[in-house]
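Below: the structure, in structure tokens.
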Amino acid sequence: MSGNSSLYKYTWRLPLLIWQAAFFVVPLIFLVVMSFWLVKNYRMQPDFVLKNWDKMFSRGYFWDAYWLTLGRAALASVIVSLIAFPASFALAFKVSDTSRRWAIFFLIIPFFTSYLVRVYAWQVILAEQGVINALFGTMGIGPVTMLNSGFGAMIGYLTLTLPLVVILQTFSLAAVDRNLIEAAWNLGCGRARTILSVIVPSAKIGLILGAVFCFILSFGDFVAPYYLGGSKPPTLSILIIDTTKSGQQWPRAAVVAICMIVTLFTVAFAAIALAYGKPRK
Amino acid sequence: MRAALLLYVGAVFVFVFAPIVASVVFSFNSDRFPSIPLGSFTLNWYETAFADDSPIWEAFRNSLIVSVCAATLSTLIGFATAYTDYRYGFRFKAGYIALALLPPTVPLIILALAMLAWLSQLGLSGTLTGIVVAHTVLGAPFAMAVTRLRLSQMDPSLEAAAWNLGASEWGAMRHVVLPFCLPAIISAFCLTAAVSFDEFAVAWFVSGLNKTVPVAILEILQGNVDPQINAIGTVVFLTSMALVTVAQLLLMAKGRKA
Amino acid sequence: MKSLIKPTRRAVLAGTAAVLTTPYLNRAWAADPVEINMLAWYGHGEPDMVEEFEAMHNVKFNSKYYAGGDNMLALIAQSPPGTYDVILSDGEFVQQLNAAGYIEEMDADDYDFDDFFPEFQNFPGHWKGDELWSVMVRYGLLGVSFNTDVVSHKEAMSYGVLWDEKLKGKVGHFDWHLPSLGQISLYNGNDDPSPFDIDEAAWEKLQETTMSLRPQVGGFFDYGGTFSNLKNGDMHAMCGIGDWITGVLRKDGAPVDSVIPEEGGIQWTESYSIGKGTDKGEIIRDFIQYMLSPKGQVRSIQMAAYPGLSPTKSGWIAIQQENHAEAVRSGLIGGVDNSPIKMIQEGRIHFRDIPQQQDLEDWNDFWSEYKNA
């Protein structure tokens, strides 16, 4: 058995290594390399200049977009987590196992619809002359501008991330040891205290994971701020698209992308450290 | 209190499904910029989108090719990785698994840019092969997760029993592990196919003239803003749902058997 | 249990397979026409433009659409050489295409330039000395585009209306620097020689003036977004566009219009070039001849994606006969007030161009800055 064991072992071990190395790691490394290249007349030339980094970092609009995107994504992860929590709580504790499975099944459905089509539908629904304003009209409320604003973009982020966050939160809340909750009740804790002191800390991992995924998705999304937010102001992702599709400035887009990756990894690691960190006491 | 919470859950579901339902409804609506009251019922948008010479057919063909190829590769790599994780421990295993699970953490737009640049160097930019490659990177982690889940349900002594009975490692794989994992493998295939089918960011950056359906939708969104989008979206939705339902049924059926 | 599950599963698989494949099989995979790859602004490869030609010559157009000359150059640069057989370009970008080696020289004898109005026979940018690199097919005018319920035609006769208090947050930009900056340049009075040929001081002032418009801006939109936001009433005025957008919306009954203000308007010009390395040069030549013919011009004028004006005299006659209302609306009648030729002769129209004293990159960079403000 040990004779062909190595062949067997490596047959299974290598595919991932080869594929991810060639098509995941290398492109990202190439991104870094490319950020030092030069663009002349819409063509790239291998080089080693700091010009792209210099240019991007010295541009006011880069930093504006950076902080804006960071702030928006952070806000989105907080808002989505808060909005999702009561629903996840209900699904974890207030419904039967079967109902919960059906609820999760239904929440998976949006993943198989096109995000683009859903955003387009929201555009129609939220427009000045759209469905919601028509309803407002019958109630006598003047047309409310919902598109081309932070509100519109937030609706987009919700559309993108809410199902995922609810699912993650529900799983982790449902896994909370019921004995702990009973113990809290027995010790006289009120509902709110039980939730805050017992349930949330126990489900910490899932809750934080949900928020992190929401952050990652919102940070990188361009569809919501572009089609529902009016590109006003543009996020880092829109900046990448502008730089690539209009300027052919891939090296500069690479600079933006690298800054985004670094930020994301930092946030992700910090969050995971928070999630898996030792409990206080 | 319970009632209030359940109402809240209902509201969340309404929010999540509102755009989907609206899209399906609008796909049959005559107005180009729909509002209340609705216009008349029409199949016009479906006819335009799926007319004989519509580019959507080409896009569907491309999407099908890409998602089948990407799903196949993803499932193969995912299975291999899951099995490696299940069976072996080795140095740097944590790093290995991290490599496997890292892709979903990188925003699609960055991956798209990196892929575009790298594939251009390889001369694969603008080809369906390029999209297949990128989608496999995206899908492999999902395939790996699904298969790993199934493997964790397998009694570890099953494989050992097979070896004791004289089967080689390959034999055990063929007669014990694979059949057990079959529902997960099919599930992973359908899942990664669906993911590939709907993916637009990377496909948009990497594709040229060979569009997939999501890229076609994006181009209509950027161009004509036509309710055709709703018609296409509804059909794509039904196709994806069919794939997922098949996967679920298979998983449930086999699960009960084992 | 076993017998219940097995046939059910097989039946499900078979049924699903049948349902999924039927629509794909039903379609007749027709006999192979010659494929022509086109790179163009949205709509040029659609049936309403090419179906007659496709049927006559058994060809099929595959189109890749772009929005903006910078976008076009980027797309072509990131595709393998020879990807595109025919390229529709904005006039001012043709020499950029040429300099980068993307297009082939054309034979002037193949095309009926005598039918062109004299103003267009030697269109700048299409010719390099005696060499012909691109053939003009259609053009249009950019001015003030607005919602007629909110802004009157009189008010719209100056770009200054964009700064009006009642339009706060309701002014949109087509997301491309060139037309918007060109219009504001005209507002600043840079009409001699051209709003695009300005010195350093004028460029500084242009940036200043543009920045002052920022508080009025409601959003930056791509082609589709421009349509929907004007139609939906989310935007009441748009900078950087003209009849090519409002013309389509008017057909749908929207209360929008475009006018050429006192400060002057800008002309966009589209022309076809032959992609370098293509082996379909002859068919493309035939296609361009078709587009210049009265039949082709009528289609071009009434293109579903966005209307255009005709550079040929026979085109004007053809549209007057075919669709007189459209001819009146677009001014494609000799001597009328809104005739583009008359306006060009009066000096009210300036051909759009790439910046002459700054780099395209400078203008593009400023645009990013402006969007982020």
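Protein chains in written order, with the working numbering: chain L, 981 to 1261; chain E, 87 to 344; chain Z, 226 to 598.
C-beta atoms are modelled at their ideal positions from N, C-alpha and C, and glycine is treated no differently.
Treat the numbers as computed from the prediction; the structure is a model and nothing was measured.
Beta-carbon proximity check, residue i vs residue j, cutoff 9 Å
i	j	result
E:T233	E:F176	no
Z:T435	Z:I409	yes
E:D171	E:M230	yes
Z:D468	Z:L366	yes
L:T1196	L:T1150	Strictly speaking, residue 1196 of chain L in this sequence is Ile, with Thr absent from that position. In this structure, L:T1150 does not lie closer than 9 Å to L:I1196 by Cβ.
L:S1217	E:P300	no
E:V292	E:L235	no
L:L1187	L:F1065	yes
L:V1236	L:M1036	yes
L:F1004	E:V223	yes
Z:F345	Z:G521	no
Z:G458	L:E1108	yes
E:A200	L:F1202	no
Alpha-carbon to alpha-carbon, residue j and residue i
i	j	result
E:I196	Z:L438	32 Å
L:T1303	E:A97	This structure cannot settle anything about residue 1303 of chain L, because the visible part of chain L is limited to 981 through 1261.
L:A1191	L:S1177	19 Å
L:G1130	L:G1209	6 Å
E:T379	E:G319	Not covered by the structure: residue 379 of chain E. The range shown for chain E is 87 to 344.
Z:A427	Z:D587	14 Å
E:F283	L:P1090	14 Å
Z:R573	L:F1245	56 Å
L:K1261	L:L1160	Any answer about L:K1261 is weak, because its pLDDT of 44 lies below 50 and its placement is not dependable; what the coordinates show is given next. Rounded to the nearest angstrom, the two C-alpha atoms are 17 Å apart.
L:S986	E:L277	31 Å
Z:V473	Z:K430	34 Å
E:H261	E:A145	39 Å
Z:I230	E:L336	Since pLDDT at Z:I230 reaches only 41, below the 50 mark, its modelled position is unreliable, and no value is offered.
E:A226	E:A247	30 Å
Z:A479	Z:A529	16 Å
L:G1117	Z:I466	31 Å
L:G1122	L:N1113	8 Å
E:L205	Z:G443	37 Å
E:T167	L:P995	8 Å
L:S1068	L:A1155	12 Å
Z:D257	Z:F286	12 Å
Z:L585	L:K989	56 Å
L:T1078	L:L1071	10 Å
E:A302	L:I1175	47 Å
Z:L357	Z:F446	34 Å
E:A344	E:M259	Confidence at E:A344 is low in this model, with a pLDDT of 46, below 50, so its placement is unreliable and the value that follows should be read with caution. In a straight line, the C-alpha of E:A344 is about 17 Å away from that of E:M259.
Integer Cβ distance of residue i from residue j, believed to fall under 8 Å
i	j	result
E:S109	E:N316	5 Å
L:W992	E:Y169	5 Å
Z:S304	Z:M263	Rounded, the Cβ-Cβ distance is 13 Å, inconsistent with contact.
Z:G506	Z:Y327	About 14 Å; that fails the 8 Å criterion.
Z:Y531	Z:I513	With a Cβ gap of about 20 Å, Z:Y531 and Z:I513 do not count as contacting.
Z:G397	Z:N347	Going by Cβ atoms, the distance from Z:G397 to Z:N347 rounds to 36 Å, so no, they are not a contact pair.
Z:N448	E:Q308	Inspection of the sequence shows that residue 448 of chain Z is occupied by Tyr rather than by Asn. The Cβ separation is near 6 Å, so the contact holds.
Z:E317	Z:G368	Not confirmed; about 18 Å, so no contact.
Start and end residues, alpha helix (DSSP H) containing residue i
i	result
L:L1144	1130–1154
E:F101	88–113
Z:Y364	Element bounds for Z:Y364: not the alpha helix (DSSP H) but the beta strand (DSSP E), 360–367.
L:L1050	1040–1069
L:A1164	1158–1166
Z:N262	Run containing Z:N262: none in the alpha helix (DSSP H); it sits in the beta strand (DSSP E), 259–266.
L:M1014	1006–1014
Residue range of the beta strand (DSSP E) that includes residue i
i	result
Z:H378	Taken as a continuous stretch (DSSP letters only), Z:H378 belongs to no beta strand (DSSP E), as it is neither H nor E.
Z:Y497	490–500
L:K1020	1018–1020
Z:F445	442–446
Z:N287	284–291
Using a Cβ-Cβ cut-off of less than 7 Å, list which residues of the stretch 305–323 of chain Z approach chain E; keep chain order.
P305, T308
What are the residues in the stretch 452–469 of chain Z lying within 8 Å of chain E by C-beta distance?
F452, S453, K456, N457
Residues of the stretch 1007–1027 of chain L whose Cβ lies closer than 8 Å to any Cβ of chain E, in chain order:
P1007, L1008, F1010, L1011, M1014
Looking at chain Z, which residues of the stretch 300–325 of chain E have a Cβ within less than 7 Å of any of its Cβ atoms?
E305, L307, Q308, G309, N310, V311, T325
Going along the stretch 1203–1234 of chain L in order, which residues come within less than 9 Å of chain Z, judged by CB to CB distance?
Y1206, Y1207, G1209, G1210, S1211, K1212, P1213, P1214, I1218, L1219, D1222, T1223, T1224, K1225, S1226, G1227, Q1228, Q1229, W1230
Going along the chain, which residues of the stretch 1080–1096 of chain L sit with their C-beta nearer than 9 Å to a C-beta in chain E?
A1083, F1085, F1086, L1087, I1088, I1089, P1090, F1091, F1092, T1093, S1094, Y1095, L1096
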